[in-house]
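These notes concern the structure reproduced below.
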Amino acid sequence: MPSFLFVCTGNICRSPTAEAVFRDRVIGTGLDVYYDSVGTQGYHVGEPPDPRSIEIAQGRNIDMAGLFSRKLEQQDFERFDYLIAMDKGHEQEMHRLCSFEEHHQKVKLLMDYHLDYRGMDVPDPYYGDMKGFEHTYDLIEQGVDALIKELL
Numbered sequence: 000m001p002s003f004l005f006v007c008t009g010n011i012c013r014s015p016t017a018e019a020v021f022r023d024r025v026i027g028t029g030l031d032v033y034y035d036s037v038g039t040q041g042y043h044v045g046e047p048p049d050p051r052s053i054e055i056a057q058g059r060n061i062d063m064a065g066l067f068s069r070k071l072e073q074q075d076f077e078r079f080d081y082l083i084a085m086d087k088g089h090e091q092e093m094h095r096l097c098s099f100e101e102h103h104q105k106v107k108l109l110m111d112y113h114l115d116y117r118g119m120d121v122p123d124p125y126y127g128d129m130k131g132f133e134h135t136y137d138l139i140e141q142g143v144d145a146l147i148k149e150l151l
């Protein structure tokens, strides 16, 4: 069963959104996958997603219940087949933290799965307004949809 770990900075905006969208999209596809999300930093460990992320998700009928922030651990490189970064900074941080050469190939940028957005970062909406959260959510949906299309 392939496993996916979505990674952002604090695991309260982008990566839990990606996890929730991925979970929603996988239902009914017949795909047998495991997924989770983490932050590269431990600022919000144990906290639920940002209320603004939850509000946007609810408006699109995506459930974020049961998601709580945790920090990336060395064991995650062993546990997961794909570590999906929301931006190049997370991608670089994961490459820096990799203990074994074979783990580097597991690190991917979410938007690299979408032909039109390869190399693009999913911007952090944390310090912005709801419009920024909407834009980030739109990009995450497109990236996750492209990832799932590749799996099918």
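Position 113, counted from 1, in the sequence shown is what numbering that gives the first Met the number 0 calls 112; the numbers after and before it change by one each time, with no gaps.
Even glycine gets a Cβ: it sits at the ideal position worked out from N, Cα and C.
Every value quoted in this text rests on a predicted model; they were computed, and no experiment measured them.
Continuous alpha helix (DSSP H) stretch holding residue i: start and end
{"i": "LYS87", "result": "87-96"}
{"i": "GLY58", "result": "50-58"}
Residue i versus residue j - alpha carbon distance
{"i": "PRO47", "j": "THR8", "result": "14 angstroms"}
{"i": "SER164", "j": "MET129", "result": "With the chain covering 0 to 151 only, the question about residue 164 has no answer from this structure."}
{"i": "VAL20", "j": "LEU114", "result": "19 angstroms"}
{"i": "GLU100", "j": "GLU77", "result": "12 angstroms"}
{"i": "LEU96", "j": "GLN40", "result": "12 angstroms"}
{"i": "HIS89", "j": "LYS70", "result": "12 angstroms"}
{"i": "TYR34", "j": "ASP80", "result": "10 angstroms"}
{"i": "ALA64", "j": "LEU30", "result": "22 angstroms"}
{"i": "ALA84", "j": "HIS102", "result": "14 angstroms"}
{"i": "GLY45", "j": "LEU66", "result": "9 angstroms"}
{"i": "ASP49", "j": "CYS12", "result": "6 angstroms"}
Which of helix, strand or coil DSSP assigns to residue i
{"i": "PHE79", "result": "coil"}
{"i": "ALA17", "result": "helix"}
{"i": "LEU109", "result": "helix"}
CB of residue i within 8 angstroms of CB of residue j, strictly
{"i": "TYR136", "j": "ILE55", "result": "yes"}
{"i": "SER52", "j": "PHE3", "result": "no"}
{"i": "ASP123", "j": "ARG117", "result": "no"}
{"i": "LEU109", "j": "ALA17", "result": "yes"}
{"i": "ARG22", "j": "ASP144", "result": "no"}
Segment limits, beta strand (DSSP E) that includes residue i
{"i": "GLY127", "result": "It is not in any beta strand (DSSP E) - GLY127 carries neither H nor E in the DSSP assignment."}
{"i": "ASP35", "result": "33-38"}
{"i": "PHE3", "result": "2-7"}
DSSP bridge partner residues for residue i (one or two, in chain order)
{"i": "ALA64", "result": "Paired residue(s): none; ALA64 is not in a bridge."}
{"i": "ALA145", "result": "Answer is none; ALA145 lacks a bridge partner."}
Residue i beta carbon near the ligand FMN (any heavy atom closer than 7 angstroms)
{"i": "GLU77", "result": "You won't find the ligand FMN in this model; it holds no ligand whatsoever."}
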